[in-house]
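Line by line, the protein sequences give chains V and Y. Everything in the first sequence is counted per UniProt numbering, starting at 1 for the first residue and increasing by one. Everything in the second sequence is counted per UniProt numbering, starting at 1 for the first residue and increasing by one. Heads up: the structure comes next, in structure tokens.
Number of protein chains: 2
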Amino acid sequence: MNVSADQKLGAADIAALIRREISKGSLQLHDRLPPERVLSDSYGAARGTVRKALTRLEKEGFVETRPGSGTYVVHQPDDNSASAIEHATPLELMDARFALEPHICRLSVLHGRQSDFDRMEELCNRMEDCLDDPVAFSDADTDFHRALVECTRNGLLIWIIDQIATVRSEDDWTRMRHLTLDRRTIATYNTQHRQILNAIRTREPERAANIMKEHLETARLSLTRASDT
Amino acid sequence: MNVSADQKLGAADIAALIRREISKGSLQLHDRLPPERVLSDSYGAARGTVRKALTRLEKEGFVETRPGSGTYVVHQPDDNSASAIEHATPLELMDARFALEPHICRLSVLHGRQSDFDRMEELCNRMEDCLDDPVAFSDADTDFHRALVECTRNGLLIWIIDQIATVRSEDDWTRMRHLTLDRRTIATYNTQHRQILNAIRTREPERAANIMKEHLETARLSLTRASDT
DNA sequence: ATCAAATGGTCTATAATTGGTCTAGAAAAG
DNA sequence: CTTTTCTAGACCAATTATAGACCATTTGAT
Numbered sequence: 001m002n003v004s005a006d007q008k009l010g011a012a013d014i015a016a017l018i019r020r021e022i023s024k025g026s027l028q029l030h031d032r033l034p035p036e037r038v039l040s041d042s043y044g045a046a047r048g049t050v051r052k053a054l055t056r057l058e059k060e061g062f063v064e065t066r067p068g069s070g071t072y073v074v075h076q077p078d079d080n081s082a083s084a085i086e087h088a089t090p091l092e093l094m095d096a097r098f099a100l101e102p103h104i105c106r107l108s109v110l111h112g113r114q115s116d117f118d119r120m121e122e123l124c125n126r127m128e129d130c131l132d133d134p135v136a137f138s139d140a141d142t143d144f145h146r147a148l149v150e151c152t153r154n155g156l157l158i159w160i161i162d163q164i165a166t167v168r169s170e171d172d173w174t175r176m177r178h179l180t181l182d183r184r185t186i187a188t189y190n191t192q193h194r195q196i197l198n199a200i201r202t203r204e205p206e207r208a209a210n211i212m213k214e215h216l217e218t219a220r221l222s223l224t225r226a227s228d229t
Numbered sequence: 001m002n003v004s005a006d007q008k009l010g011a012a013d014i015a016a017l018i019r020r021e022i023s024k025g026s027l028q029l030h031d032r033l034p035p036e037r038v039l040s041d042s043y044g045a046a047r048g049t050v051r052k053a054l055t056r057l058e059k060e061g062f063v064e065t066r067p068g069s070g071t072y073v074v075h076q077p078d079d080n081s082a083s084a085i086e087h088a089t090p091l092e093l094m095d096a097r098f099a100l101e102p103h104i105c106r107l108s109v110l111h112g113r114q115s116d117f118d119r120m121e122e123l124c125n126r127m128e129d130c131l132d133d134p135v136a137f138s139d140a141d142t143d144f145h146r147a148l149v150e151c152t153r154n155g156l157l158i159w160i161i162d163q164i165a166t167v168r169s170e171d172d173w174t175r176m177r178h179l180t181l182d183r184r185t186i187a188t189y190n191t192q193h194r195q196i197l198n199a200i201r202t203r204e205p206e207r208a209a210n211i212m213k214e215h216l217e218t219a220r221l222s223l224t225r226a227s228d229t
């Protein structure tokens with residue numbers, strides 16, 4: 001949705017981008033933003049547009065702009081213990097997924113409904129159309145694992161997986177993960193996703209869990225291979 | 001309504017997809033949706049269809065559309081970090097622990113150090129002095145499981161377990177849990193804790209994981225027994 | 001202290017974008 | 001068949017964006 005490469009950015013879009021930079025911490029308290037003329041250039045928008053975005057952010061209390069000087073960040077993002085999660089390494093994340101997802105498969109067998117399976121089926125189809133589009137595949141993959149945990153009807157588990165997805169969406173990671181996604185790897189993942197879905201459909205908890213373990217092992221290998229290069 | 005594959009999307013489907021984007025967080029408050037013409041293109045539907053979906057979402061209060069400007073997100077999805085965790089039921093929590101803790105045992109075998117084991121040993125001793133003090137036992141028990149996950153040296157897992165511990169510390173739960181803790185039950189738990197610690201010490205990952213499963217099964221039984229009374 | 005550069009503030013005429021509305025026909029559902 | 005829904009286009013009105021200019025203040029170097 002937001003992927004749209006050369007989509008023209010409006011004031012609202014630019015405001016949203018900067019707002020996120022601030023909440024994420026890439027722009028910290030008292031930092032000065034680039035000059036309006038530079039921003040307008042780098043966002044590919046006219047200065048007036050950037051200016052409108054900044055005016056909005058000022059009203060919202062994110063920034064303060066001083067004439068002749070610049071625009072400064074004035075906002076302490078609520079520290080939601082995010083720090084603990086932000087520093088997670090890819091390997092830590094893999095271990096957490098190893099703990100959670102196989103058992104989530106078992107629970108999905110117990111509590112999953114037809115509509116859940118249909119949605120997962122649709123996501124499998126979508127992923128199979130993405131052999132050459134790592135970015136789109138990655139999004140669909142995240143959705144698939146989210147749909148899987150939704151089968152469990154366990155709000156706590158869903159929340160945990162969402163938190164993990166947040167970590168995975170960090171920019172650096174996303175870029176690195178896309179590097180590991182060649183055509184071959186995506187094809188392997190697709191096969192495994194199908195197998196997992198089928199095992200859940202036929203109500204075979206242990207088989208589903210085992211394929212998930214395989215799936216995660218594959219992912220871990222891709223990861224270590226990528227960090228070697 | 002057939003959901004499968006790349007079928008044509010109806011207004012209801014598109015509304016559902018966008019609704020999902022919003023609750024998932026990919027579309028946040030104040031974000032502007034892509035123009036109707038772009039949406040219609042990317043969903044492969046006519047503009048009128050997209051428009052119908054948006055009208056629906058507006059009635060539902062997810063979105064607000066301003067003529068000449070765009071369609072904007074007006075909905076703060078319930079901040080899960082509070083609500084999802086606060087509303088977790090004891091059984092949901094048990095399932096989450098079933099997913100996490102056995103694998104945490106395996107990881108503890110890999111990464112645990114002598115000092116970790118000493119600390120857990122000490123906690124075992126403390127718990128064994130608590131046969132008649134459910135409150136003190138409960139505290140030590142929480143510490144034990146926290147010490148266990150610390151063995152993994154995995155900040156993400158530690159954070160997750162801490163979150164779960166927060167849930168467990170809710171007043172109602174604590175009271176209920178204390179009811180299940182008679183002398184016999186505590187003794188059983190103590191035995192299991194010892195066994196888990198020993199299995200980790202002797203570097204037997206699967207044995208440790210299995211005893212943890214037993215342990216959790218025992219806890220689950222106590223729980224269901226308690227809710228029957 | 002002075003000057004030059006950089007930066008935000010303001011304005012304007014024009015062009016582009018966007019939602020709102022309508023229509024006629026095709027497709028799907030009952 | 002009838003009814004509903006979707007499609008594909010067109011046009012309108014409101015809003016927004018563009019590109020450039022000029023000003024006032026701040027900043028930093030000389």
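The beta-carbon is built from N, C-alpha and C at its ideal position, and this holds for glycine as well.
Closer than 7 angstroms by beta-carbon distance: list the chain V residues that pair up with residue i, in chain order.
i: Gly155 of chain Y; result: Ala84, His87, Ala88, Glu92
i: His103 of chain Y; result: Phe98, Ala99
i: Asp31 of chain Y; result: Ala16
Once the 5 residues before and after residue i are set aside, which same chain residues still bring their CB inside 6 angstroms of it?
i: Thr49 of chain Y; result: Ala11
i: Asp141 of chain V; result: none
i: Val149 of chain Y; result: Ile104, Leu157, Ile158, Ile161
i: Lys213 of chain Y; result: Pro102
i: Arg126 of chain V; result: Ala140
Could you name the residues of chain Y that residue i contacts, counting a contact when the two beta carbons are closer than 7 angstroms?
i: Leu100 of chain V; result: Ala99, Leu100
For residue i, count neighbouring C-beta atoms within 10 Å of its own C-beta (all shown protein chains included) and say buried if the count is 16 or more, exposed if not.
i: Ser108 of chain V; result: buried
i: Asp95 of chain V; result: buried
i: Leu179 of chain V; result: exposed
i: Asp116 of chain Y; result: buried
i: Ser42 of chain V; result: exposed
i: Arg106 of chain Y; result: buried
i: Pro67 of chain V; result: exposed
i: Gly44 of chain Y; result: exposed
i: Pro134 of chain V; result: buried
i: Glu60 of chain Y; result: exposed
i: Thr224 of chain Y; result: exposed
i: Pro35 of chain V; result: exposed
i: Gln114 of chain Y; result: exposed
i: Asp132 of chain Y; result: exposed
i: His87 of chain V; result: exposed
i: Asp31 of chain Y; result: buried
i: Arg19 of chain V; result: buried
Where does the unbroken beta strand (DSSP E) through residue i begin, and where does it stop?
i: Tyr72 of chain V; result: 70-73
i: Arg146 of chain V; result: Run containing Arg146 of chain V: none in the beta strand (DSSP E); it sits in the alpha helix (DSSP H), 134-150.
i: Gln32 of chain V; result: In the sequence as presented, Gln is not what sits at residue 32 of chain V; that position holds Arg. Careful: Arg32 of chain V lies outside any beta strand (DSSP E) and carries neither H nor E.
i: residue 241 of chain V; result: Because chain V here runs from 1 to 229, residue 241 of chain V falls outside it and cannot be looked at.
At a cut-off of 6 angstroms, is residue i close to the ligand NAP when judged by its beta-carbon and the heavy atoms of the ligand?
i: Met127 of chain V; result: The model on display carries no ligand, and the ligand NAP is accordingly not part of it.
Terminal residues of the continuous alpha helix (DSSP H) containing residue i?
i: Thr55 of chain Y; result: 47-60
i: Arg184 of chain Y; result: 183-201
i: Lys24 of chain V; result: 11-24
i: His111 of chain Y; result: 90-111
i: Glu121 of chain Y; result: 114-128
i: Gln163 of chain V; result: 155-168
Report yes if the CB atom of residue i is closer than 7 angstroms to the CB atom of residue j, and no otherwise.
i: Arg220 of chain V; j: Cys124 of chain V; result: no
i: Ala147 of chain Y; j: Arg119 of chain Y; result: yes
i: Ile22 of chain Y; j: His75 of chain Y; result: yes
i: Leu197 of chain Y; j: Ala99 of chain V; result: no
i: Ala208 of chain V; j: Ala199 of chain V; result: yes
i: Val73 of chain V; j: Leu29 of chain V; result: yes
i: Thr71 of chain V; j: Val63 of chain V; result: yes
i: Thr152 of chain Y; j: His111 of chain Y; result: yes
i: Thr185 of chain V; j: Ser222 of chain V; result: yes
i: Asn190 of chain Y; j: Glu128 of chain Y; result: yes
i: Ile85 of chain V; j: Ala53 of chain V; result: no
i: Glu92 of chain V; j: Asn154 of chain Y; result: yes
List the residues of chain V that residue i touches, going by C-beta distances under 8 angstroms, in chain order.
i: Tyr189 of chain Y; result: Chain V residues near Tyr189 of chain Y: none, gap ~22 angstroms exceeds 8 angstroms.
i: Ile160 of chain Y; result: Ala96, Ile160, Gln163
i: Tyr72 of chain Y; result: Ala12
Listing by chain order, which chain Y residues have their CB less than 9 angstroms from the CB of residue i?
i: Leu107 of chain V; result: Asp95, Phe98, Ala99
Apart from the five residues just before and just after residue i, which ones in its own chain have a Cβ nearer than 7 angstroms to its Cβ?
i: Arg37 of chain V; result: Arg47
i: Val3 of chain V; result: Model confidence at Val3 of chain V stands at a pLDDT of 40, short of 50, so the residue's coordinates are unreliable; what they give is reported in the following sentence. If we look at Val3 of chain V and ignore the five residues flanking it on each side, its Cβ neighbours are Val135.
i: Ser26 of chain V; result: none
i: Ala5 of chain Y; result: The pLDDT assigned to Ala5 of chain Y is 41, lower than 50, so where the model puts this residue is not dependable; a value taken from the coordinates is nonetheless given after this. Once the five neighbours on either side are set aside, Ala5 of chain Y has no close Cβ partner at all.
i: Met176 of chain V; result: Ala226
i: Thr65 of chain Y; result: Leu54, Glu58, Thr71
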